[in-house]
Each structure stands twice: as C-alpha cells, then as structure tokens.
Amino acid sequence: ANLNSEQIDLCCLKRKNKIGDKGAQNIGLGLSYCTQLTNLQFGISNNQIGDDGASTIGTALGNCKFLTHLNFNISKNKIGDKGAQNIGLGLSQCTQCTQLTNLEFGISQNQIRDDGASTIGTALGNCKFLTHLNFNISENKIGDKGAHNIGLGLWNCIQLVNLEFYIDSNQIRDYGASTIGTALGNCKLLKNLIFYIWENKIGDKGAYKIGLGLSNCTQLTNLKFNIVQNQISDDGASKIGSAIANCKFLTDLEFKIQKNKFGDKGVQDIALGLSNCTQLTSLDICLNEKFLKSSEIINCKNIKLLKLSLEEETEKAKTENKRLAQKITRLVKFIIN
Numbered sequence: 020a021n022l023n024s025e026q027i028d029l030c031c032l033k034r035k036n037k038i039g040d041k042g043a044q045n046i047g048l049g050l051s052y053c054t055q056l057t058n059l060q061f062g063i064s065n066n067q068i069g070d071d072g073a074s075t076i077g078t079a080l081g082n083c084k085f086l087t088h089l090n091f092n093i094s095k096n097k098i099g100d101k102g103a104q105n106i107g108l109g110l111s112q113c114t115q116c117t118q119l120t121n122l123e124f125g126i127s128q129n130q131i132r133d134d135g136a137s138t139i140g141t142a143l144g145n146c147k148f149l150t151h152l153n154f155n156i157s158e159n160k161i162g163d164k165g166a167h168n169i170g171l172g173l174w175n176c177i178q179l180v181n182l183e184f185y186i187d188s189n190q191i192r193d194y195g196a197s198t199i200g201t202a203l204g205n206c207k208l209l210k211n212l213i214f215y216i217w218e219n220k221i222g223d224k225g226a227y228k229i230g231l232g233l234s235n236c237t238q239l240t241n242l243k244f245n246i247v248q249n250q251i252s253d254d255g256a257s258k259i260g261s262a263i264a265n266c267k268f269l270t271d272l273e274f275k276i277q278k279n280k281f282g283d284k285g286v287q288d289i290a291l292g293l294s295n296c297t298q299l300t301s302l303d304i305c306l307n308e309k310f311l312k313s314s315e316i317i318n319c320k321n322i323k324l325l326k327l328s329l330e331e332e333t334e335k336a337k338t339e340n341k342r343l344a345q346k347i348t349r350l351v352k353f354i355i356n
C-alpha cells in the first residue's frame, strides 16, 4: 500500500474482498508510515484476515498518535485472540496522546475470546476524552472475563455524550454484565444511548447492575435498549423498570426485553417505570400481551407513536390491544407486529 506519510486525513475502505493475511500485512505496513493522521477511516471488514494480518494492522495503528477521529472496522474476518490483542495494543498506543474524541470501533463477527477482549478493554480505558463512541464487539466468543475488562475500560469514558455499545451474541454471564452495568452508571453525561447485550446468559444479578447503572444516566433523551434472550426473571426486570423511571427526559425509547424468564410482575414494573417518563413521545417495545393491560402504561399520556411487538398474538388479541392503545390520550399512530 502506497500511502503518504504527511497525510492528516485518510479513508481506506477494502470491504467485501478476499483479502487474507498477506494483503492485510501490506496494508498495515503502508499505514505505519502515516504518522501524522488526525482523521482515519479504516474499513477492511468482510474479508479473510486472520491473526497475522490483524496484528500488523494493530501495530501500524499504534503509530497514529495524533488521531482525533478514528473509524476502524475489521468485522467479519477470522481474527482470534492474538490479532485482537495486537489491535488492542495498537489502539492503546494511539490513544496515549489523549486527543481522540470520536471513536467507531467494529470488530464483530470474529473469533475473539476473553484474552483479546480484555486487551481491547484496556485500550478503551485509555480513551478518557471520548465524547462519541460506537463500540461493536458482538458475535464473538467473549465470556465474563473479557466483558469484565471491557467494562473496566468503559468506566473511564466519563465524557461520553453519545454511546453505541454492542456486545450481543456472546457468552456473558452476571459477573461480566455487572461490571458493564457499573461502567454505564459512570457515563452520567449521556444523552443518546444504544445498548445491545441480547443473546447472552445474563440473570437477575447482571440485570440488576445494568439497571442500577442505567438509573444514573438521567440526561438521556434517546435510548435503544436490547437485552432479549437472556435468563432474567421478575427481580431483574423490575430493577430495569425502576431504572427507566429515572430517565425522565426520554423522548424516544426502543425497549426489547422479551425471551427471558419474567412474568406479570416484571411486566407491571416495566410499565410502572415507563409511566414516569412523562416526556416520552415515541415508544417501540417488545413485551407480552399483559403490557397494554397494565393501567400504568395509560399514564404515558404524551406518546404519539407506539410500536408494539408481541411474542405470540391472535387476531382477537390484536383487536383488543388496539382498543387498549386508544386509551393513551395523545396517541397518533399505533403499529403492532
């Protein structure tokens, strides 16, 4: 790769090719000369890159010490712990200058386990001045140790205003989820949050800590929250409902929590939490049919758009839910899936 060492802006997009380790290594060597970059968009997703290629790219990334904006996407490859560790080490070095304020980091759909995720988490902890973070490490093989260290890294990102955090489709249990939840509670300046941790193995303890963290994010106006397909029962769902009640400035909420183990009490407490969000105008929610039968949801009087997805529903139930939805005073549009 022939790159100019004096460039300050670089866009390198090599997506959906058949690039393997050799090609990635040469791209990495070229990138290593671009030491003056302040803005880097680097997209090499959907290729055939393994640990060797990823490691060279990671080392090159470490030479970019003046970055303020980084968009780095190496998703859909064949990267394991070794490659992820070297990318993490590179990210640590390029953030030591503390100038990075915007980071989009995508390494989803690879073969990363706890060791690789832990090094990336440590690197994230160096990004103390981030205001915007898009972090996607979904669809890997990360367990509690990796999730714990990612949470420890996120804990340091206290300047965040916008956070997109995707760690779904891994193997995370309560311990890892608890650390991530605690870290979330440290991001008190957040106004916009996308938090996807669905399809893991999180129970009530992890859900409790996530709820506790979310309850500190009192400045949120836009929230997309997805914790579908875990092992949460009534206690965990109730805590998440209480957390939502603290987000009093929410105007737009997408809330997905189905395919867990909670019953009527969990549904009622979630509805009770939502009833405190008096500024909510748009709600996209997945729950069971008991949701609209809860008197608390009728108190969300400012909702204009309600999109409801139910796990199982007959035509008769659809008609009944439409009737119940009409009790929401200012509802303009009701969509049911």
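So the sequence shown is numbered by this note's numbering: it starts at 20 and just counts up by one. The C-beta atom is built at its ideal place from N, Cα and C for all residues, glycine as well.
**Alpha carbon of residue 300 to alpha carbon of residue 242, nearest angstrom** = Residue mapping note: residue 300 aligns to position 281 of the sequence shown, counting from 1. Residue mapping note: residue 242 aligns to position 223 of the sequence shown, counting from 1. In a straight line, the C-alpha of residue 300 is about 12 Å away from that of residue 242.
**Three-state secondary structure (DSSP) of residue 164** = In the sequence shown, the residue the question calls residue 164 occupies position 145. The answer is helix: DSSP assigns residue 164 an H, G or I state.
**Asked** Hey, residue 80 and residue 39: beta-carbon distance below 8 Å or not?
**Response** Your numbering for residue 80 matches position 61 in the sequence shown. Your numbering for residue 39 matches position 20 in the sequence shown. No. Outside cutoff.
**Asked** Would a C-beta distance cut-off of 8 Å place residue 172 and residue 196 closer than the cut-off?
**Response** Start at 1 with the first residue of the sequence shown, and residue 172 comes out as number 153. Start at 1 with the first residue of the sequence shown, and residue 196 comes out as number 177. For residue 172 and residue 196, no; Cβs fall outside 8 Å.
**Environment of residue 314 [buried if 16+ CB atoms lie within 10 Å]** = Counted from its first residue, the sequence shown places residue 314 at position 295. When all chains shown are included, residue 314 counts as exposed.
**residue 28 classed as buried or exposed, judged by whether at least 16 other C-beta atoms fall within 10 angstroms** = In the sequence shown, the residue the question calls residue 28 occupies position 9. The residue in question, residue 28, is exposed, as its Cβ has fewer than 16 Cβ neighbours within 10 Å.
**Prompt:** Where do the ends of the beta strand (DSSP E) carrying residue 283 lie?
**Reply:** The residue you call residue 283 lines up with position 264 of the sequence shown. Careful: residue 283 lies outside any beta strand (DSSP E), inside the alpha helix (DSSP H) at 283-294.
**Item:** Local conformation of residue 157 per DSSP, three classes
**Value:** For the purposes of this step, residue 157 is identified with residue 138 of the sequence shown, where counting begins at 1. In this structure, residue 157 counts as coil in the three-state DSSP scheme.
**Asked** Which residues in the same chain as residue 50 place their Cβ atom closer than 6 Å to its Cβ, once the five residues preceding and following it in sequence are excluded?
**Response** On the sequence shown, residue 50 is found 31 positions in, with the first residue counted as 1. Answer for residue 50: 79, listed in chain order.
**Message:** For residue 83, count the other beta carbons within 10 Å of its own beta carbon; 16 or more makes it buried, fewer makes it exposed. Which is it?
**Reply:** In the sequence shown, the residue the question calls residue 83 occupies position 64. By the neighbour-count rule (16 or more Cβ atoms within 10 Å), residue 83 is buried.
**Message:** On the DSSP bridge list, what partners appear for residue 185?
**Reply:** Reading the sequence shown from its first residue, position 166 is the one you call residue 185. For residue 185, which the question treats as bridged, DSSP gives the partners 155 and 215.
**Request:** Name the one or two DSSP bridge partners that residue 244 has.
**Result:** Along the sequence shown, read from residue 1 onward, the residue named residue 244 stands at position 225. According to DSSP, residue 244 bridges with 214 and 274.
**Asked** In the structure shown, what three-state DSSP assignment does residue 252 receive?
**Response** Residue mapping note: residue 252 aligns to position 233 of the sequence shown, counting from 1. Coil at residue 252, not helix or strand.
**Prompt:** Just the Cα atoms here: how many angstroms apart are residue 139 and residue 169?
**Reply:** Taking the sequence shown and counting its residues from 1, the one referred to as residue 139 is at position 120. Taking the sequence shown and counting its residues from 1, the one referred to as residue 169 is at position 150. Approximately 7 Å between the Cα atoms of the pair.
**Prompt:** In the DSSP assignment, what residue or residues form a beta bridge with residue 339?
**Reply:** For the purposes of this step, residue 339 is identified with residue 320 of the sequence shown, where counting begins at 1. DSSP output for residue 339 lists no bridge partner at all.
**Item:** Rounded straight-line distance, which links the Cα of residue 153 to that of residue 354
**Value:** The residue given as residue 354 occupies position 335 in the sequence shown. The residue given as residue 153 occupies position 134 in the sequence shown. About 29 Å.
**Request:** Thinking residue 327 and residue 304 are a contact (beta carbons under 8 Å), I'd like their distance in whole angstroms, please.
**Result:** For the purposes of this step, residue 327 is taken as residue 308 along the sequence shown, with counting starting at 1. For the purposes of this step, residue 304 is taken as residue 285 along the sequence shown, with counting starting at 1. Contact holds; Cβ gap of about 6 Å.
**Message:** Assuming residue 301 is part of the beta strand (DSSP E), what are its boundary residues?
**Reply:** As a position in the sequence shown, residue 301 is number 282, starting the count at 1. Counting along the chain, the beta strand (DSSP E) containing residue 301 begins and ends at 301-306.
**Request:** Report the residue from 217, 30, 244 and 122 whose alpha carbon sits nearest the alpha carbon of residue 274.
**Result:** Residue 274 sits at position 255 when you count from the first residue of the sequence shown. Residue 244 is the option with its Cα nearest to residue 274.
**Buried or exposed (CB count within 10 angstroms, at least 16 for buried), residue 198** = Looking up residue 198 in the sequence shown gives position 179. So residue 198 counts as buried.
**Message:** Going by DSSP, what residue range makes up the alpha helix (DSSP H) through residue 232?
**Reply:** As a working mapping, residue 232 is identified with position 213 in the sequence shown. Note, residue 232: alpha helix (DSSP H), 223-233.
**Message:** Checking 8 Å against the spacing of the C-beta atoms, do residue 191 and residue 155 come in under that value?
**Reply:** The residue you call residue 191 lines up with position 172 of the sequence shown. The residue you call residue 155 lines up with position 136 of the sequence shown. No, the Cβ-Cβ distance between residue 191 and residue 155 is not below 8 Å.
**Coil, strand or helix - residue 50 by DSSP** = The count along the sequence shown starts at 1 and reaches residue 50 at position 31. Reduced to three states, the DSSP call for residue 50 is helix.
**Prompt:** Looking at C-alpha atoms only, which residue of 334, 341 and 295 is the closest neighbour of residue 320?
**Reply:** As a first step, residue 320 is located in the sequence shown; it is residue number 301 there, counting from the start. Closest by alpha carbon: 295.
**Item:** Chain-order list of residues whose beta-carbon lies under 6 Å from that of residue 66 (same chain, five-residue window excluded)
**Value:** Residue numbering aside, residue 66 sits at position 47 when the sequence shown is read from its first letter. The residues are 36, 38 and 96.
**Request:** Please determine, among 317, 269 and 329, the residue with the shortest C-alpha to C-alpha distance to residue 290.
**Result:** Translated into the one-based positions of the sequence shown, residue 290 becomes position 271. The shortest Cα separation from residue 290 among 317, 269 and 329 belongs to 317.
**Message:** If I measure Cβ to Cβ from residue 88 and keep anything under 6 Å in the same chain, skipping five residues before and after, which residues do I get?
**Reply:** Working through the sequence shown from its first residue, we reach residue 88 at position 69. Counting only Cβ-Cβ distances below 6 Å, and skipping sequence neighbours, we find 58 and 121.
**Prompt:** For residue 28, which beta-bridge partners are listed by DSSP?
**Reply:** Stepping through the sequence shown from its first residue, residue 28 is reached at position 9. In DSSP, residue 28 forms a bridge with 58.
**Item:** Span separating the alpha-carbon of residue 351 from that of residue 298
**Value:** For the purposes of this step, residue 351 is taken as residue 332 along the sequence shown, with counting starting at 1. For the purposes of this step, residue 298 is taken as residue 279 along the sequence shown, with counting starting at 1. Residue 351 and residue 298: Cα-Cα distance of roughly 15 Å.
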